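Asker: Residues in the sequence shown are numbered from 18 upward in steps of one, following our numbering.
The beta-carbon is built from N, C-alpha and C at its ideal position, and this holds for glycine as well.
This one's a predicted model, so the numbers in the text were calculated from it and none came from an experiment.
Dropping a structure here in structure tokens format, bear with me for questions.
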Amino acid sequence: MAQPRVQSEYPAVAPGVRDFIGGRTRKMLIDGKWVEAASGKTLTSYDPATEEPLAEVPAGEKEDIDRAVKAARKAFETGPWRRMTASERGRAIWKLADLVERHGEEFAQLETLDNGKPLAVSRAADVPLVVDHFRYYAGWATKVEGETIPVSIPGQQMLTYTLREPVGVVGQIIPWNFPLLMAAWKLGVALACGNTVVLKPAEQTPLSALRLGELLDEAGIPPGVVNIVTGYGETAGAALAEHPDVDKIAFTGSTEVGKIIMRAASGNLKRVSLELGGKSPNIIFADADLDSAAIGAANAIFFNHGQCCCAGSRLYIEAKAYDTVMPKLVEYSEKIKLGPGMDLATEMGPLVSSEQYQRVTGFLDSGKKGGGKAASGGGRPKSLAKGYFVEPTVFTDVKADAKILREEIFGPVVCTIPFKNVDEVAKAGNDTTYGLAAAVWTKDIAKANRLAQTLKAGTVWINCYNVFDAAAPFGGYKQSGFGREMGKAALELYTQIKTVWTNLGPH
Ligand code: NAP
Ligand code: MG
């Protein structure tokens, strides 16, 4: 949400983008070749601002996943990838970052057209974060180290050390909320550790991943190392999750599908990492800087239209500051400019799809029926006839058992709840099946850090929200999943430890 506001302006369509819009049919990437689905079927990607089709992509199914897994297996076992030095691998990932940067405007526009997010955000957040992310993991390629272990075997000298080896063929299933960034979070570390990949983008937003696939060869990543199979979750995604020759599956998406993935993965006991939903508590104390806390709370829920797994969707405000914070929050929310993402004046675009629009407006209805009051927003903006737009909505008077307070909405909808003291808010904050993120706003840093230790969440932000860095681990407690992406922690997910013993003879 850029402020001060800018004039309405549409950029010229970037040259590379033209190949991905206007109803064109794209292919997917298997073994370094651009191919159709074996069935010949396609699926349509839509522009959520106009509800018009953007492009057709292959609707890959089991047979295509089989082909992709075979290619990834071959690339892993016998391809040049495994013979490349760690330094060469790192340089290839770095080059990929350079290429994304060079084509940054194309990527930003593709992301906005396919997902709906404001172009200003795609330019300032999604694309630079992707570039940083690849560069960060390029550096890790040469630092994946084992250890020497001082063992105690009576009468025998032993040299015992560990190797940290790649897991092998990795399946990666990603959502539509940050299409390119989620691809980067998954690919960067997998490649740094020497794995090969089959990536399945979300059906709603396949275009930026396919464009990324076009850059792999120039980056020096050999054929078959990254395969990109577009298709539906129930077919392509399910086939990947249950595939007997996939060694690991990494998934970001809903908790519901996360559970399906785990069951599917049990067939060959493939490793699983899950980054799932959230219902993150955002806690404002009366002793906070209330201006920045109110704006911070608005950004916590409205950034990316609330379509963030870590969105600050439960806003707890200390009772004595409630009447000060609420008008600031409401005023800020009402000023957010909705419109098509390609308009540079837009601060909030449409939701990603018709399904998501139905889902979020369903929650709005349920909130109102349950006695909740919309202090701002609460429906569709009247000024926009087309597109999946929903107003930024601030609910008050929400009952403790209301669906809007308990379930992940994944839209621009926040529930505000007054609280009296730290113990009460710690208990309320943890009263959820999720545990992805939380935030605390206060000038009392000791209080904030004590509360951070009590909150059951994988990330706690103090006097900030939605701050990310490739070096800082991210992931869930409880049903928000397990495994940490980003930082050194992610190496655990993409390597396995081998212990090597050498008998050096008697003592
Ligand atoms: P989703 O179904 O969990 O989709 C995420 C990814 O999983 C997509 O690539 C999807 O494919 C795939 N998938 C779906 N069913 C699958 C299956 N049976 N086996 C393997 N893969 C499968 O999420 P959604 O339907 O897009 O959104 C529904 C809700 O999920 C949202 O409203 C939100 O609450 C939550 N969500 C959370 C996150 C997050 O980051 N935590 C991200 C997205 C959505 P398709 O492309 O065919 O769907
Ligand atoms: Mg789309």
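Go ahead and pull the three-state DSSP assignment for residue 513.
Answerer: For the purposes of this step, residue 513 is identified with residue 496 of the sequence shown, where counting begins at 1. In this structure, residue 513 counts as strand in the three-state DSSP scheme.
Asker: Considering only the beta carbon of each residue, do residue 167 and residue 319 sit closer than 8 Å?
Answerer: Counting from one through the sequence shown, the residue named residue 167 turns up at place 150. Counting from one through the sequence shown, the residue named residue 319 turns up at place 302. No, the pair does not count as a contact, with Cβ atoms beyond the cut-off.
Asker: Three or more C-beta pairs under 8 Å: does that hold for the stretch 208-226 against the stretch 84-92?
Answerer: As far as the Cβ criterion goes, the stretch 208-226 touches the stretch 84-92, which means the pair count is three or higher.
Asker: Using only alpha-carbon positions, find the residue among 464, 419, 204 and 254 that is nearest to residue 508.
Answerer: Here residue 508 refers to the residue found at position 491 of the sequence shown. When only C-alpha atoms are compared, the closest one is 204.
Asker: So, helix, strand or coil for residue 181, using DSSP?
Answerer: To locate residue 181, count along the sequence shown from 1; it is residue 164. Residue 181: strand per DSSP, three-state reduction.
Asker: Leaving out five residues on either side along the sequence, give the residues of the same chain with a beta carbon under 7 Å from the beta carbon of residue 337.
Answerer: Taking the sequence shown and counting its residues from 1, one reaches residue 337 at position 320. Once the five neighbours on either side are set aside, the close Cβ partners of residue 337 are 303.
Asker: Among 314, 201, 349 and 410, which residue has its Cα nearest to the Cα of residue 333?
Answerer: Mapped onto the sequence shown, residue 333 falls at position 316. Nearest of 314, 201, 349 and 410 to residue 333, Cα basis: 314.
Asker: Could you name the residues of the same chain whose beta carbon sits closer than 7 Å to that of residue 346, not counting the 5 residues immediately before and after it, in chain order?
Answerer: One-based indexing of the sequence shown puts residue 346 at position 329. If we look at residue 346 and ignore the five residues flanking it on each side, its Cβ neighbours are 311, 314, 315 and 411.
Asker: Just the C-alpha distance for residue 19 and residue 257, rounded to the nearest angstrom, thanks.
Answerer: Translated into positions along the sequence shown, residue 19 becomes position 2. Translated into positions along the sequence shown, residue 257 becomes position 240. Low local confidence applies: a pLDDT of 48 at residue 19 is under 50, so the model's placement there is unreliable, and no value is given.
Asker: What number of angstroms, rounded off, separates the C-alpha of residue 227 from the C-alpha of residue 326?
Answerer: Working through the sequence shown from its first residue, we reach residue 227 at position 210. Working through the sequence shown from its first residue, we reach residue 326 at position 309. Using only the alpha carbons, I get a separation of about 23 Å.
Asker: Following a CB-centred definition, is residue 249 positioned closer than 7 Å to any heavy atom of the ligand NAP?
Answerer: If you number the sequence shown from 1, residue 249 lands on position 232. Residue 249 Cβ: within cutoff of the ligand NAP.
Asker: Can we count residue 294 as close to the ligand NAP, meaning its CB is less than 7 Å from some heavy atom?
Answerer: In the sequence shown, counting from the first residue as 1, residue 294 sits at position 277. The answer is yes for residue 294.
Asker: Can you give the Cα-Cα distance for residue 445 and residue 65, rounded to whole angstroms?
Answerer: Stepping through the sequence shown from its first residue, residue 445 is reached at position 428. Stepping through the sequence shown from its first residue, residue 65 is reached at position 48. Taking the straight line joining both Cα atoms gives about 36 Å.
Asker: So does residue 162 have its beta carbon nearer than 7 Å to some heavy atom of the ligand NAP?
Answerer: As a position in the sequence shown, residue 162 is number 145, starting the count at 1. No; taking the cut-off as 7 Å, the Cβ of residue 162 has no heavy atom of the ligand NAP nearer than that.
Asker: So residue 55 and residue 81 are supposed to be a Cβ contact under 8 Å. How far apart are they, rounded?
Answerer: Along the sequence shown, one-based indexing puts residue 55 at 38. Along the sequence shown, one-based indexing puts residue 81 at 64. Right, their Cβ atoms sit about 6 Å apart.
Asker: Could you give the DSSP three-state label for residue 46: helix, strand or coil?
Answerer: To locate residue 46, count along the sequence shown from 1; it is residue 29. Three-state DSSP puts residue 46 in a strand.
Asker: Can you list, in chain order, the residues of its chain with a C-beta nearer than 6 Å to that of residue 305? Leave out the 5 residues immediately preceding and following it.
Answerer: Along the sequence shown, one-based indexing puts residue 305 at 288. Contacts found: 458 and 459.
Asker: Three or more beta-carbon pairs under 8 Å between the stretch 174-194 and the stretch 349-365, yes or no?
Answerer: Cβ pair count under 8 Å is below three, so no.
Asker: Could you check if residue 409 is buried or exposed, using at least 16 other CB atoms within 10 Å of its CB as the buried criterion?
Answerer: Here residue 409 corresponds to residue number 392 of the sequence shown, with the count starting at 1. Residue 409 comes out buried.
Asker: Based on DSSP bridge pairs, tell me the residues matched to residue 70.
Answerer: Taking the first residue of the sequence shown as 1, we reach residue 70 at position 53. The partner list for residue 70 (beta bridge, DSSP) reads 63.
Asker: In whole angstroms, what separates the C-alpha of residue 58 from that of residue 298?
Answerer: By 1-based counting over the sequence shown, the position of residue 58 is 41. By 1-based counting over the sequence shown, the position of residue 298 is 281. Using only the alpha carbons, I get a separation of about 43 Å.
Asker: DSSP beta-bridge partners for residue 333?
Answerer: Here residue 333 is taken as the residue at index 316 of the sequence shown, counted from 1. Answer is 300 and 434, bridged to residue 333.
Asker: Report yes if the C-beta of residue 220 is less than 7 Å from at least one heavy atom of the ligand ATP; otherwise report no.
Answerer: This structure lacks the ligand ATP; the ligands present are the ligand NAP and the ligand MG.
Asker: Just to check, is the beta-carbon of residue 278 closer than 7 Å to a non-hydrogen atom of the ligand NAP?
Answerer: If you number the sequence shown from 1, residue 278 lands on position 261. Yes, Cβ of residue 278 sits closer than 7 Å to a heavy atom of the ligand NAP.
Asker: I'd like the list of long-range same chain contacts for residue 516, defined as Cβ closer than 7 Å, with 5 residues on each side in sequence excluded.
Answerer: If you number the sequence shown from 1, residue 516 lands on position 499. The residues are 177 and 179.
Asker: Where do the ends of the alpha helix (DSSP H) carrying residue 206 lie?
Answerer: Position 189 of the sequence shown, counted from the start, is the residue given in the question as residue 206. Start and end: 196-209.
Asker: Could you pull out every residue in the same chain whose Cβ sits closer than 7 Å to the Cβ of residue 269, ignoring the five residues on either side in sequence?
Answerer: Residue 269 sits at position 252 when you count from the first residue of the sequence shown. Closer than 7 Å at the Cβ level, and outside the excluded window around residue 269, lie 191, 192, 199 and 292.
Asker: Inspect the beta-carbon positions of residue 110 and residue 229 and report whether they are closer than 8 Å.
Answerer: Here residue 110 is taken as the residue at index 93 of the sequence shown, counted from 1. Here residue 229 is taken as the residue at index 212 of the sequence shown, counted from 1. In this structure, residue 229 does not lie closer than 8 Å to residue 110 by Cβ.
Asker: Looking at the structure shown, is residue 41 part of a helix, part of a strand, or coil, going by DSSP?
Answerer: Translated into the one-based positions of the sequence shown, residue 41 becomes position 24. Three-state result, residue 41: strand.
Asker: At a threshold of 7 Å, does residue 98 count as lining the ligand NAP (C-beta to nearest heavy atom)?
Answerer: For this step, residue 98 is matched to residue 81 along the sequence shown. For the ligand NAP, not one heavy atom lies less than 7 Å from the Cβ of residue 98.
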